[in-house]
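Scroll down for the structure; my scribbles are underneath it.
2 protein chains.
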Amino acid sequence: RIPDTTIRRLPAYLRVLELTHAERITSVALGKAAGFSSEQVRKDFAYFGAFGTRGVGYEVAPLVRQIRRILGIDRGVRVMVVGAGHLGTALVRYTQNNRSDTEVVAVVDVDPQVIGTAIGPLRVEDVRDLERLVKERQIALAVLTVPDYAARSVAERLADAGVRAILNFAPVAILTDRPEVIVKNIDLMLELQALAYFVKEGRDT
Amino acid sequence: RIPDTTIRRLPAYLRVLELTHAERITSVALGKAAGFSSEQVRKDFAYFGAFGTRGVGYEVAPLVRQIRRILGIDRGVRVMVVGAGHLGTALVRYTQNNRSDTEVVAVVDVDPQVIGTAIGPLRVEDVRDLERLVKERQIALAVLTVPDYAARSVAERLADAGVRAILNFAPVAILTDRPEVIVKNIDLMLELQALAYFVKEGRDT
Ligand SMILES: NC(=O)c1ccc[n+]([C@@H]2O[C@H](COP(=O)([O-])OP(=O)(O)OC[C@H]3O[C@@H](n4cnc5c(N)ncnc54)[C@H](O)[C@@H]3O)[C@@H](O)[C@H]2O)c1
Ligand SMILES: NC(=O)c1ccc[n+]([C@@H]2O[C@H](COP(=O)([O-])OP(=O)(O)OC[C@H]3O[C@@H](n4cnc5c(N)ncnc54)[C@H](O)[C@@H]3O)[C@@H](O)[C@H]2O)c1
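So the sequences go chain by chain: A and B.
For the first sequence, the positions run -3 to 201 when our numbering is used.
For the second sequence, the positions run -3 to 201 when our numbering is used.
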């Protein structure tokens, strides 16, 4: 579909697009900065369905995502798992074995016996470093697999550190007054309960 | 809502209802067998919204369930967890701490190091005894937390032993040709993926 010659020019376009702070860019400006003609830019982008608006140009952010995806360097959203117990460990290992748009870049725990142990290529770090790790590793998403008594305070720390979304397994409501953080609560009991209902219903028919 | 005098008569009705093989029973027949007048039966059942059909009577199975639930002896659906690794252990412990209509009555594994260990009040048993345990403990539901390579063969054994539904965490399709068993596949990566998508979308707005 996309010719090799076009693919080879994409990294040059990407470098310019990632460095600009502008929201939009014209094919003339992009071509000039990347070292190609504006016609070449328009022709290349048309191969993957990216079209600019006359006189205004292309939206930068979606273009970056598209090019990253084509080049396969689409770096997934960076994830921290908090609580390296049974559930946390099972989830970290599972993400390591499955392709997805996320990448676990930190696993933290409070227990000195657990800190320092390895889960695949990752080493469990100290939850005291939570804020530093979220900043340094640009973590946008967290998975909460701590006991119920620890969930609320850990969630507050994650929200204060700038995490945008939390997958919450602890059976308590978290961050009810922080609309800027997306919270998704998981309760596997509900799945079990639903199956139990079907099994019971089936018994009566 | 329901008067104590009515509650005290319910076990007598329940004994009759559980012994009958009929699908329906009239208030006259039920009153006679339990030792009360047909008017008393109708009055008692009206308190919890159970009404019969004139000349036909009450449906037995839903009535049994309602009375069991009122008396709190509603025995949940009996569950076996197969695979007592990280995920299995986390799930068994979680069901033990939370009220639900299910009751884990067996946890099995293949690893001699794991067999015999305790998870709360339960001891891990040998997966070789799967068929015997499903029969003896009237297990209707199974949770599959084994590695992907073991999932299909274990699922076949569960279906052959008479299990009615399986909550499957292994990332492989199981029992595709056994319509009599309800299979619910769980993939927590999808939840993570969905959150990642929201976080990424948010970045562009
Ligand atoms: N929603 C569901 O369907 C579901 C299923 C299973 C378990 N759970 C819940 O998930 C949680 C984890 O379960 P588990 O079986 O893995 O428990 P676990 O005890 O094995 O693991 C909990 C881990 O959290 C760590 N921890 C405690 N306080 C912490 C803190 N302040 N910061 C960082 N780490 C901390 C502990 O050291 C431990 O390693 C529990 O809340 C449990 O109720 C939910
Ligand atoms: N769907 C999801 O979202 C999700 C999330 C995490 C893990 N998983 C999956 O769940 C499964 C369990 O994960 P885990 O981290 O607990 O792995 P684990 O290795 O800790 O546990 C697997 C357990 O299964 C036992 N086992 C192996 N073969 C068996 C057999 N034939 N009969 C009975 N027991 C057997 C092992 O001895 C071990 O105790 C894996 O398939 C994993 O891919 C799925």
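By construction, the Cβ of each residue, glycine as well, lies at the ideal position given by its N, Cα and C atoms.
beta-carbon residue i near ligand 2 non-hydrogen atom, thresh 7 Å
i: leucine 87 of chain A; result: yes
i: leucine 184 of chain B; result: yes
i: phenylalanine 32 of chain B; result: no
i: aspartate 125 of chain B; result: no
i: glycine 27 of chain A; result: no
i: threonine 113 of chain B; result: no
i: threonine 141 of chain A; result: no
i: alanine 155 of chain B; result: no
i: alanine 80 of chain B; result: yes
i: alanine 104 of chain B; result: According to the sequence as given, residue 104 of chain B is valine; it is not alanine. At least one heavy atom of ligand 2 is nearer than 7 Å to the Cβ of valine 104 of chain B, so yes.
i: valine 159 of chain B; result: no
i: aspartate 40 of chain A; result: no
Residue range of the beta strand (DSSP E) that includes residue i
i: arginine 74 of chain A; result: 73 to 78
i: leucine 140 of chain A; result: 137 to 140
Simplified DSSP assignment, three categories, for residue i
i: aspartate 183 of chain A; result: coil
i: glutamate 121 of chain A; result: strand
i: glycine 53 of chain B; result: strand
i: glutamate 99 of chain B; result: strand
i: alanine 29 of chain B; result: helix
i: alanine 151 of chain B; result: helix
i: valine 159 of chain B; result: coil
i: isoleucine 66 of chain B; result: helix
i: arginine 20 of chain B; result: strand
i: threonine 2 of chain A; result: helix
i: aspartate 200 of chain A; result: Low confidence applies to aspartate 200 of chain A: its pLDDT is 44, below 50, so where it sits in the model is not reliable enough to give any reading.
i: valine 12 of chain B; result: helix
i: valine 104 of chain B; result: strand
i: aspartate 190 of chain A; result: Residue 190 of chain A is actually alanine in this sequence, not aspartate. Of the three classes helix, strand and coil, the one that applies to alanine 190 of chain A here is helix, per DSSP.
Any non-hydrogen atom of ligand 1 within 7 Å of residue i CB
i: alanine 146 of chain A; result: yes
i: tyrosine 90 of chain A; result: no
i: alanine 8 of chain A; result: no
i: phenylalanine 165 of chain B; result: no
i: leucine 188 of chain B; result: no
i: glycine 84 of chain A; result: yes
i: aspartate 97 of chain B; result: no
i: valine 150 of chain A; result: yes
i: valine 56 of chain A; result: no
Closest by C-alpha distance to residue i, when choosing among the options
i: valine 202 of chain B; options: B:Pro117, B:Gly116 and B:Ala138; result: The structure shown does not extend to residue 202 of chain B, since chain B spans only -3 to 201, so no value can be given for it.
i: methionine 76 of chain A; options: A:Val100, A:Tyr54, A:Gly68 and A:Arg89; result: A:Val100
i: threonine 172 of chain A; options: A:Gly27, A:Arg38 and A:Ser149; result: A:Ser149
i: alanine 42 of chain A; options: A:Lys28, A:Leu126 and A:Ile3; result: A:Ile3
i: isoleucine 178 of chain A; options: A:Leu129, A:Asp144 and A:Leu140; result: A:Leu140
i: valine 195 of chain A; options: B:Ala192, B:Glu176 and B:Gly112; result: B:Glu176
i: alanine 192 of chain A; options: B:Ala136, B:Glu152 and B:Thr22; result: B:Ala136
i: threonine 64 of chain B; options: B:Gly79, B:Pro108, B:Leu13 and B:Leu87; result: At residue 64 of chain B the sequence reads arginine, which differs from the threonine that was named. Checked all of B:Gly79, B:Pro108, B:Leu13 and B:Leu87; the closest Cα to arginine 64 of chain B is B:Leu13.
i: aspartate 107 of chain A; options: A:Ser23, A:Leu87 and A:Ala146; result: A:Ala146
i: phenylalanine 44 of chain A; options: A:Leu15, A:Glu127, A:Gln134 and A:Leu6; result: A:Leu6
i: glutamate 121 of chain B; options: B:Ala102, B:Tyr90 and B:Leu26; result: B:Ala102
i: arginine 38 of chain A; options: A:Ser23, A:Thr16 and A:Glu132; result: A:Ser23
i: asparagine 164 of chain B; options: B:Leu87, B:Ile111 and B:Arg133; result: B:Leu87
i: glycine 27 of chain B; options: B:Tyr9, B:Leu15 and B:Arg74; result: B:Tyr9
i: valine 210 of chain A; options: A:Glu19, A:Gly79 and A:Pro167; result: Examination of residue 210 of chain A is not possible in this model, given that chain A is present from -3 through 201 alone.
i: arginine 128 of chain A; options: A:Asp144, A:Gly112, A:Pro143 and A:Val104; result: A:Val104
i: leucine 67 of chain B; options: B:Val168, B:Thr16, B:Arg11 and B:Glu132; result: B:Arg11
i: aspartate 144 of chain B; options: B:Ala18, B:His17, B:Val168 and B:Thr91; result: B:Val168
i: glutamine 134 of chain B; options: B:Ala166, B:Thr91, B:Asp40 and B:Gly72; result: B:Gly72
i: aspartate 183 of chain A; options: A:Glu19, A:Ala166 and A:Ala18; result: A:Ala166
Alpha helix (DSSP H) segment containing residue i, residue limits
i: proline 143 of chain A; result: Premise fails: proline 143 of chain A is in no alpha helix (DSSP H) and is neither H nor E.
i: glutamate 127 of chain B; result: 126 to 132
i: aspartate 40 of chain B; result: 34 to 43
i: glutamine 92 of chain A; result: 82 to 93
Are there three or more Cβ pairs, one per stretch, closer than 8 Å when the stretch 186 to 193 of chain A is compared with the stretch -1 to 9 of chain B?
-> no
Does the stretch 44 to 62 of chain A come close enough to the stretch 112 to 120 of chain A that 3 or more CB-CB pairs lie under 8 Å?
-> no
Report yes or no: do three or more beta-carbon pairs, one from the stretch 21 to 41 of chain B and one from the stretch 156 to 163 of chain A, lie closer than 8 Å?
-> no
Pairing CB atoms from the stretch 79 to 86 of chain A with CB atoms from the stretch 59 to 67 of chain A, are three or more of them under 8 Å?
-> no
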